[in-house]
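If you're matching positions, the sequence shown starts at 291 in the numbering used here and goes up one per residue.
The C-beta atom is built at its ideal place from N, Cα and C for all residues, glycine as well.
Since we're looking at a predicted model, the values are computed, not measured.
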Amino acid sequence: MTQRKHKPQRMCVACRQSQDKKSLVRLVRTPEGVFVDHSGKLAGRGAYLHADPSCWELGVKRHLEKALKTNLSAADQERLIAHQESFFEGNKEK
Numbered sequence: 291m292t293q294r295k296h297k298p299q300r301m302c303v304a305c306r307q308s309q310d311k312k313s314l315v316r317l318v319r320t321p322e323g324v325f326v327d328h329s330g331k332l333a334g335r336g337a338y339l340h341a342d343p344s345c346w347e348l349g350v351k352r353h354l355e356k357a358l359k360t361n362l363s364a365a366d367q368e369r370l371i372a373h374q375e376s377f378f379e380g381n382k383e384k
């Protein structure tokens, strides 16, 4: 009988569905602000979102502040939305 390797599960803060950690995008709160953590290893409080425009928009506008225990400035929200738009445009072209 083969043993399955454990895969860490995380929950999307927007839609509340759990999935493998690798299939979600991590956002991290640092003293400098809120950033997308592509490596998944940045120090700071993290929250996860699906790589889906509807989850991303709902998460940034409503749920991310509570998950990261911080207030998102309008500039942070705009920067994250712009990152999301460029990320999804890049994936559509492939």
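- For the pair of segments examined, the segment 368-376 was found to touch the segment 334-351: the number of CB pairs separated by less than 8 Å reaches three.
- The C-beta distance from Arg335 to Leu354 rounds to 11 Å, too long to fall under 8 Å, and the pair is not in contact.
- Rounded to the nearest whole angstrom, the C-alpha separation of Gly330 and Asn361 is 22 Å.
- Taking the Cα of Ala365 as reference, the smallest distance to any Cα among Ser308, Val303 and Phe325 is reached at Phe325.
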